[in-house]
Every structure is written in C-alpha cells, then in structure tokens.
Amino acid sequence: MEKFVAVGSITKDHIDPSIFCVLTAKSKTPGTPLADFLIFIPRWDVALDTFRPPYFHRNAASELMGLLYGSYEGRSDSFRPGSISYETGFCPHGVSWSEYKAASEMELIPRRVHEGTLAFMFESSMPFGITEFAIKSEKRHEHEPGMWNDLRNNFIANLEEANNDLKAAGLPEVKV
Ligand SMILES: [Fe+2]
C-alpha cells in the first residue's frame, strides 16, 4: 500500500476521497460499487480555494475507517493505530468547530499531510452488521457528540450572499 500513487487536484477544490480508491468491487447496480477500498498515505495538499479537511456530509455509504499507523486528522479522540471507526449510512459527520475554523482561516500553501501515516477506508453501498463481540467489547469507544456542540451555521450567516448568487443564476431563493 505504501507503493500506491495518490493523485489529486493540483488546481482548486476538494476532491471526493474516493479518488484514493485502490480496489473496487462491483455491485449489481451500475455506478454503485459494492465496496471501495481507499487508503490515505503521505502526500502533498496543494489545492486552492477550498476547505481541505474532510467536509461535513451525510451520504448513503457505510464507512469503515481504520488506522494502521500514524495519526489521522478528521477523526477525533481515541482514534489510534489499530482502531477502526464506523459511520453508518445517512449519519451526518464532520470535523469539530475548532478544526473547521482553523482550516477556514489558514493560508492555503502547499503542505505535506498524513506524514508517517497509513489509514484505510472501506466504503459500501450496503449496511454493515456489527458483531456482538464488538458491541460488548470494553475497547469500544462511543463518539462524544459534544464535540459538535459549538458548531455554527455559516450557511445561514451568508444567506443574503447565497440568495444573491442564486437569483443571479435564475434559481429560486432559499427561505428560512
Ligand atoms: Fe464520511
């Protein structure tokens, strides 16, 4: 896996992590993989005009992420080598407010990310079952939802600007 050649944007914007796909298994539904195996290895992050950490999202995929060695930003507390984390489909997730704020205000210069790290993810269009052994394990760690308590809704704060853009594009305005 350390020999994998990661590719990404060298212009702007944040590319979906599926660009780091190493292996994929087809499902019976065209365009929807049964499972994708992705890895996150040391690489350059150079894209401009973007938010670089994993962004907030809620998608249909089940996501099982593991860390072989190193550390991985974007997962909080207790995510250490040997750990896996699981996000069930349609469950919203993203970074903490402090990580969001720091990434929103940082200078977007080329930088190395995931140095000394090998993390992986299985993404699937199917839900995963969790074994009784895992559910009852003393090593199980429940995510602390309080880490998102201070999130602010920046979309609403910029609603006027967003509506001006929508109007200019001939699209209906967002009403709150
Ligand atoms: Fe995700």
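Once you know that position 93 of the sequence shown is 215 in the working numbering, the rest is easy, because the numbers rise by one and skip nothing. Glycine included, C-beta positions come from ideal geometry on N, C-alpha and C.
Among the candidates the options, whose CA atom is the shortest distance from the CA of residue i?
{"i": "K148", "options": "F159, I141 and K297", "result": "F159"}
{"i": "W166", "options": "S140, I231, A256 and S207", "result": "I231"}
{"i": "A128", "options": "K297, N275, A291 and A241", "result": "A241"}
{"i": "G204", "options": "I278, H263, I132 and L190", "result": "L190"}
{"i": "Y208", "options": "M187, K134, A291 and H236", "result": "M187"}
{"i": "G211", "options": "F173, F244 and N276", "result": "F244"}
{"i": "L156", "options": "F162, I163, L145 and P164", "result": "L145"}
{"i": "I278", "options": "K297, T151, D287 and G292", "result": "K297"}
Which class does residue i belong to by DSSP, given the choice of helix, strand or coil?
{"i": "E227", "result": "helix"}
{"i": "E282", "result": "helix"}
{"i": "I206", "result": "strand"}
{"i": "Y191", "result": "strand"}
{"i": "M248", "result": "coil"}
{"i": "E185", "result": "strand"}
{"i": "M123", "result": "coil"}
{"i": "A241", "result": "strand"}
{"i": "D167", "result": "strand"}
What do you reckon, is the C-beta of residue i under 7 Å from a heavy atom of ligand 1?
{"i": "E221", "result": "no"}
{"i": "E185", "result": "yes"}
{"i": "H215", "result": "yes"}
{"i": "E266", "result": "no"}
{"i": "H179", "result": "yes"}
{"i": "E124", "result": "no"}
{"i": "E209", "result": "yes"}
Name the DSSP bridge partner or partners of residue i?
{"i": "D135", "result": "According to DSSP, D135 bridges with nothing at all."}
{"i": "T146", "result": "D158"}
Report yes or no: do the segment 222-237 and the segment 245-256 share at least 3 C-beta pairs separated by less than 8 Å?
no
Per the contact definition of three or more C-beta pairs closer than 8 Å, is the segment 174-181 in contact with the segment 260-267?
no
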